[in-house]
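Here the structure is laid out as structure tokens; the discussion comes afterwards.
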Amino acid sequence: MRTTVTLDADVEQRLREAMHIQGKGFKETLNDALRRGLGATDPTSDGPPFKVESRPLRLRTGLDPAHLRELDDDLEIAEFLRKSARLDEHRQ
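Numbering-wise (numbering that gives the first Met the number 0), the sequence shown opens with residue 0 and increments by one.
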């Protein structure tokens with residue numbers, strides 16, 4: 000595939016150094032570097048699979064986990080109002 004890519008100056012310099020050290024041309028050096036870089040983040044790598052062990056939340060009766068974010072928002076608003084009231088008292 001042919002394409003046009005704009006390289007940052009530091010990337011170009013590193014690529015040219017690699018070309019010189021390896022004695023390879025631009026295309027081969029660039030392709031090797033891309034393969035190594037893309038392989039480093041390959042989700043299908045041979046590393047061990049990531050496992051998550053779930054545990055029961057043991058929430059109190061009546062607490063709905065779907066509404067915990069709403070509860071957090073309510074607590075944050077209450078704290079903001081409490082602090083605002085204290086500031087108003089100090090200003091008077």
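Just so you know, even glycine gets a beta-carbon here, dropped at the ideal spot from N, CA and C.
Should residue i and residue j be called a contact, given that it needs their Cβ atoms to be closer than 7 Å?
{"i": "alanine 17", "j": "threonine 28", "result": "yes"}
Which residue marks the beginning of the alpha helix (DSSP H) containing residue i, and which one marks its end?
{"i": "threonine 28", "result": "25 to 39"}
{"i": "leucine 86", "result": "67 to 90"}
{"i": "methionine 0", "result": "Unbroken run through methionine 0: none, as it is neither H nor E."}
{"i": "glutamate 52", "result": "Careful: glutamate 52 lies outside any alpha helix (DSSP H) and carries neither H nor E."}
{"i": "leucine 14", "result": "8 to 21"}
Any heavy atom of the ligand PLP within a distance shorter than 6 Å of the CB on residue i?
{"i": "histidine 89", "result": "In the structure shown, the ligand PLP is absent, as is every other ligand, since no ligand is present at all."}
Compare the Cα-Cα distances from residue i to each of the options and report the closest residue.
{"i": "alanine 32", "options": "Glu11, Val51 and Phe79", "result": "Glu11"}
{"i": "lysine 26", "options": "Leu86, Leu70 and Met0", "result": "Met0"}
Here's a check: name, in chain order, each residue in its chain whose Cβ is nearer than 8 Å to the Cβ of residue i, leaving out the five neighbours to either side.
{"i": "proline 47", "result": "none"}
{"i": "aspartate 9", "result": "none"}
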